[in-house]
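Q:
Residue numbers (mature numbering (1 follows the signal peptide of the UniProt record, and there is no 0)): -24 to -1, 1 to 279.
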């Protein structure tokens, strides 16, 4: 496992503490080759990829299941019953929220009354409302960004929270300024918090919009020094730990209050071997559930 303490560049250098970790290896045995005989090429490729990632050799990280019923899983949130989760496919997939158990097995499907243009995230409030982040924006050129609010009992009834970024004036802006893609959202204290995915992998800008339907302007609150592309966000049950997931890594920010968390120095944790990590949700104060686009489902004991 690798930890990186990220200090503000203005006054400190990056400190790195590393300990050796072995990588998951491909089983090239004849038995594996025989297992692939007669299977379609795409299925062989998928199983080969899963085989490479079946066990990421990293302390605290374990694979607990597979999201075989969710194509290109892109987000994760706690479901209505303990031990269940909601997930969905990336843009181009059906407008369906899949309920899965702790092993990734699909147990229910919710047909949502709105198109999946580029769904990227899912969060919920204490009243049982869920918010889909239809705000994927790779080129920073979308003018129809929105959050979709629904309740599982009535998934066809969708309220739209439409928004624009207060500081975006060009669609798209110059490549070095394209930091208006958002794959990570989080409900907290009556607001939806948006964490952007920086194409330059230097920072994640933090914005807020009200959790009520209507047309809103996303107000920028701060910018976090995250040297990666943020794909999801999760807040611990105590509210004292924020995890920002990125591709093959995560960042931990601790604090006694939300304001302290947003000022905290992020700790970087390497998740090499898991695949393209896209969804994160706390199972308990120390355990994070992580989903990948390739269909892996992991649990990680946070340091």
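Glycine is no exception: its CB is placed at the ideal position from the N, C-alpha and C atoms. Treat the numbers as computed from the prediction; the structure is a model and nothing was measured.
Where does residue 234 sit, in a helix, a strand or coil, going by DSSP?
A: helix
Q: Classify residue 113 as buried or exposed, calling it buried when 16 or more other Cβ atoms lie within 10 Å of its own Cβ.
A: buried
Q: Would you call the CB atoms of residue 248 and residue 206 closer than 8 Å?
A: no
Q: Residue 239 by DSSP, collapsed to three states: which one?
A: Helix, per DSSP.
Q: Tell me the rounded alpha-carbon separation between residue 137 and residue 120.
A: 10 Å
Q: Is it buried or exposed, residue 235, if we count other Cβ atoms within 10 angstroms and call 16 or more buried?
A: exposed
Q: What did DSSP end up calling residue 152 once you bin it into helix, strand or coil?
A: The answer is helix: DSSP assigns residue 152 an H, G or I state.
Q: Count the other CB atoms, across all protein chains shown, that sit within 10 Å of the CB of residue 225; report buried if there are 16 or more and exposed otherwise.
A: Residue 225 is buried by the Cβ-count criterion.
Q: Expressed to the nearest angstrom, what Euclidean distance is found between the alpha-carbon atoms of residue 86 and residue 216?
A: 32 Å
Q: Under DSSP, the beta strand (DSSP E) around residue 247 begins and ends at which residues?
A: First-last for residue 247: undefined, no H or E at that position.
Q: Just to confirm my understanding: we take residue 167, look at its own chain, exclude 5 residues before and 5 after, and list those with CB closer than 8 Å. What are they?
A: 184, 185, 186 and 187
Q: Find out if the Cβ-Cβ distance for the pair residue 109, residue 123 is shorter than 8 Å.
A: yes
Q: Bridge partners of residue 186, per DSSP?
A: 167
Q: Could you tell me which residues DSSP pairs with residue 158 in its beta bridges?
A: 172
Q: Looking only at DSSP bridge pairs, what is residue 147 linked to?
A: Looking at the DSSP assignment, residue 147 forms no beta bridge with any residue, so it has no partner.
Q: For residue 146 and residue 117, I'd like the C-alpha separation in whole angstroms.
A: 8 Å
Q: Mind pulling the beta strand (DSSP E) runs of 3 or more residues that sit fully within the segment 104 to 141?
A: 106 to 110, 122 to 127 and 130 to 141
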